[in-house]
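The next block holds one structure in the form of structure tokens; read it before the comments.
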Amino acid sequence: MQVAVAKPVPHFPLQLLCMTVLAAASMPCHAAIDLTPDARLVADLEVRAVQANPREKPYLYTELADKLTLMASRQIQNGDLDQASVTLEKVEACSARIESEISDKSKGMKKAEMLMHATGRRLSDMLRASPSDIKPRLQATLKRLNDAQNSLLSKMFEH
46 MQVAVAKPVP HFPLQLLCMT VLAAASMPCH AAIDLTPDAR LVADLEVRAV QANPREKPYL
106 YTELADKLTL MASRQIQNGD LDQASVTLEK VEACSARIES EISDKSKGMK KAEMLMHATG
166 RRLSDMLRAS PSDIKPRLQA TLKRLNDAQN SLLSKMFEH
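Under the numbering used here, the first residue of the sequence shown is numbered 46, with each subsequent residue one higher.
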């Protein structure tokens, strides 16, 4: 009686496939992905925030401020400081609306606070890396956002 001996299967094609996938996955792809919101998205979000019920307004204005901050960052990177200044004024206006719309019944206050924290961090980073022409506007915007965040935190821990 003869016993059949299995021949070893070469793993070379499988190893080559794995190495190719790992090499492709580790390549930097951040340059191809642009997370900057376009003007239409911002306009739609602004309309949603204005028309929303009072419970949802603080979060929607926080989201709008975050998107506007991303837009201002891109404008500063492109050297369009005048347009960035206008966009940062809109961020300040959103911060004022956040503060005025906060109530006991506001929805998504924790998410809004976390998003405000991230937006404030982004503004701080922009302040460090931006030209001196726009720094006063960035400082004012950051202060206004921090004031709104403090008001939100006060309302959250009031009870």
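Glycine included, C-beta positions come from ideal geometry on N, C-alpha and C. Quick caveat: nothing in here was measured; it's all calculated off a predicted structure.
Residue i classed as buried or exposed, judged by whether at least 16 other C-beta atoms fall within 10 angstroms
i: V194; result: The amino acid at residue 194 is misidentified as Val; the sequence shows Gln. Looking at its Cβ environment, which holds 16 or more other Cβ atoms inside 10 Å, Q194 is buried.
i: R166; result: exposed
i: R131; result: Strictly speaking, residue 131 in this sequence is Val, with Arg absent from that position. Counting Cβ neighbours within 10 Å, V131 comes out exposed, since fewer than 16 surround it.
i: A117; result: buried
i: S175; result: buried
i: A129; result: buried
i: R142; result: buried
Three-state secondary structure (DSSP) of residue i
i: T107; result: helix
i: S199; result: helix
i: N98; result: coil
i: T186; result: helix
i: D176; result: The question names Asp, yet the displayed sequence has Pro at residue 176. Note: P176 maps to coil in three-state DSSP.
i: A76; result: Reliability of the predicted coordinates at A76 is poor, the pLDDT of 47 falling under 50, and no value is obtained from them.
i: P82; result: coil
Pair within 9 Å by beta-carbon distance, residue i and residue j
i: A157; j: T114; result: no
i: T164; j: A110; result: yes
i: P99; j: K150; result: yes
i: S140; j: R189; result: yes
i: A185; j: E144; result: no
i: K112; j: V87; result: yes
i: L126; j: D178; result: yes
Integer Cβ distance of residue i from residue j, believed to fall under 8 Å
i: E101; j: K152; result: 5 Å
i: M154; j: P103; result: 7 Å
i: S196; j: I147; result: 6 Å
i: L172; j: L160; result: The Cβ separation is near 19 Å, so there is no contact.
i: L133; j: L183; result: 7 Å
*What runs of the alpha helix (DSSP H), each 4 residues or longer, lie entirely inside the stretch 112-170?*
126-146
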